[in-house]
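In the numbering used here, the protein residues as written are 343 to 691.
One structure below.
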Ligand SMILES: Cc1cc2nc3c(=O)[nH]c(=O)nc-3n(C[C@H](O)[C@H](O)[C@H](O)COP(=O)(O)O)c2cc1C
């Protein structure tokens, strides 16, 4: 009888000397549980800790604001000051303690920002929708300031112990706003052509790469398509990802949408095709995401070459022990610390 092949979902992946114990990623998911100061609270330690205990390979902390005016809501986590480092190092520490690779998403909401006493900035003074005020168009001074805020936040995250950093270039937030012709109407060197629209996000990636250690994994989350005839295409995004790779990005996390208020049609694995298109075209590791809710679909996505890592979002919220259930179902060893097996094997084997 042919031997059953070992589950790919539980094959470790080495990137830049960082070992990811299996291919299951917790994608960034805003929790909005911080106070106005953006500091880590006990909730965050418990929330992210449960995924590490539950066996996830890499956990990406929710969109974390690089400036106060970068917040999506007033309860976002922040890394805009050195005062955030202590709590963040406790958070990274909990993940390391239980074997997950600690990662964090660095974000700027741009025109979709919370207006808690601050003005929003964006590539152009175009409101996202009628329920948002128009933002201020960024001056060249603003562009330099925001780039430096990303760099400073990245260095703080690294100091706190995060081994992987994800730039939020998706879902209609600031970096995506520059990439998209829907939100970027500039006529200077940061707008206009595809090359112009790419210039600022690319310079952020390059500046962050130069400021962090070579061994720190740099990722970018992108929206592969915009679900609007006015947006860029998947082919355009492939070209952008090629440039990000050249700027030193190690992994692309492939999502979609967010420039316009259209909910994309979705079904299990609905964005995996975009991930594979980018993976095939530029030959770099990609994270696939989108209603990958079952161990079989996650394993299928890897075996069929859609992606190198699979992000499981809402299913991990429902079931933080999803990796343990998947391991039991796919016949792999439980992906957890030895001393936890004594207890958890009783539940999952
Ligand atoms: C509660 C919630 C918060 C989210 N917050 C973020 C975020 O901070 N950054 C981000 O890039 N995506 C965010 N997302 C999108 C998820 O990362 C993920 O791409 C999406 O939920 C699809 O994956 P799923 O079908 O496995 O849940 C969020 C999704 C949810 C449900």
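Think of the CB as a built atom: it goes at the ideal place given N, C-alpha and C, for glycine as much as any other residue.
Straight-line gap, residue i to residue j (C-alpha atoms, nearest Å)
i	j	result
residue 672	residue 533	48 Å
residue 422	residue 617	31 Å
residue 548	residue 683	42 Å
residue 368	residue 352	15 Å
residue 504	residue 445	5 Å
residue 702	residue 507	The requested residue 702 is not part of the displayed model; the chain covers only 343 to 691.
residue 437	residue 393	8 Å
residue 669	residue 424	39 Å
residue 410	residue 420	7 Å
residue 609	residue 373	24 Å
residue 378	residue 572	36 Å
residue 546	residue 492	7 Å
residue 677	residue 361	13 Å
residue 649	residue 359	20 Å
residue 473	residue 417	20 Å
residue 681	residue 475	53 Å
residue 399	residue 363	5 Å
residue 674	residue 386	29 Å
residue 542	residue 574	17 Å
residue 660	residue 635	10 Å
residue 414	residue 525	17 Å
residue 471	residue 691	50 Å
residue 696	residue 639	Since the first residue of the chain shown is 343 and the last is 691, residue 696 is not available in this structure.
residue 332	residue 460	Outside the displayed range of the chain (343 to 691) lies residue 332, so it cannot be described from this structure.
residue 397	residue 440	8 Å
residue 407	residue 496	11 Å
residue 570	residue 607	13 Å
residue 485	residue 628	28 Å
residue 456	residue 687	45 Å
residue 391	residue 685	17 Å
residue 656	residue 454	23 Å
residue 384	residue 535	46 Å
Of the residues the options, the one placed nearest residue i, counting alpha carbons only
i	options	result
residue 528	588, 478 and 659	478
residue 365	374, 625, 373 and 355	355
residue 395	674, 667, 662 and 691	662
residue 625	614, 556, 688 and 583	583
residue 389	348, 434 and 408	434
residue 357	561, 418, 494 and 544	561
residue 537	524, 525 and 520	520
residue 480	473, 607 and 489	489
residue 429	376, 467 and 628	376
residue 689	667, 674 and 657	667
residue 540	523, 657 and 401	523
residue 658	637, 460, 615 and 413	637
residue 603	515, 403, 370 and 458	515
residue 494	468, 511, 552 and 460	552
residue 512	685, 405, 380 and 664	405
residue 518	464, 530, 482 and 531	464
residue 623	643, 371 and 581	581
residue 652	391, 611 and 686	611
residue 500	380, 530, 487 and 559	559
residue 458	530, 412, 643 and 370	412
residue 530	664, 615 and 482	482
Supposed close pair residue i, residue j - CB separation, criterion 8 Å
i	j	result
residue 452	residue 462	7 Å
residue 576	residue 509	That belief does not hold up - the Cβ atoms of residue 576 and residue 509 are roughly 20 Å apart, past 8 Å.
residue 579	residue 591	With a Cβ gap of about 13 Å, residue 579 and residue 591 do not count as contacting.
residue 596	residue 630	6 Å
residue 588	residue 598	Not confirmed; about 23 Å, so no contact.
residue 594	residue 620	6 Å
residue 498	residue 427	5 Å
residue 544	residue 585	6 Å
residue 601	residue 641	Not really, about 32 Å apart at Cβ, beyond 8 Å.
residue 679	residue 350	Actually they do not touch by this definition, with Cβ atoms about 22 Å apart.
residue 557	residue 502	About 15 Å; that fails the 8 Å criterion.
Cβ of residue i within 8 Å of any chain B Cβ
i	result
residue 630	Considering every chain present, this structure includes no chain B. It has just one protein chain.
Residue i: CB within 7 Å of a non-hydrogen atom of ligand 3
i	result
residue 565	Summarising the ligand content, the structure contains ligand 1 and does not contain ligand 3.
* To do: Give, in chain order, every unbroken run of the beta strand (DSSP E) that is at least 3 residues long and sits entirely within the stretch 474-512.
  => As far as the stretch 474-512 is concerned, its whole beta strand (DSSP E) runs of at least 3 residues are 506-511.
* Please go through the stretch 510-579 and give each complete alpha helix (DSSP H) segment of 4 or more residues, from N-terminal end onward. => Segments of the alpha helix (DSSP H) lying fully in the stretch 510-579: 516-521 and 536-553.
* Asked: Could you give the uninterrupted runs of the alpha helix (DSSP H) lying entirely in the stretch 608-638, keeping only those of 4 residues or more?
  -> The stretch 608-638 contains these whole alpha helix (DSSP H) runs: 614-624.
* Asked: Which runs of the alpha helix (DSSP H) fall wholly inside the stretch 384-465 and span at least 4 residues, in chain order?
  -> Runs found: 384-395 and 427-439.
* Length at least 4, wholly inside the stretch 576-606: the alpha helix (DSSP H) runs in chain order -> Those alpha helix (DSSP H) runs which fall completely within the stretch 576-606 and span 4+ residues are 576-588.
* Just list the beta strand (DSSP E) runs in the stretch 636-674, keeping only unbroken ones of 3 residues or longer that don't cross its boundaries, in chain order. => Within the stretch 636-674, the complete beta strand (DSSP E) runs of at least 3 residues fall at 651-653.
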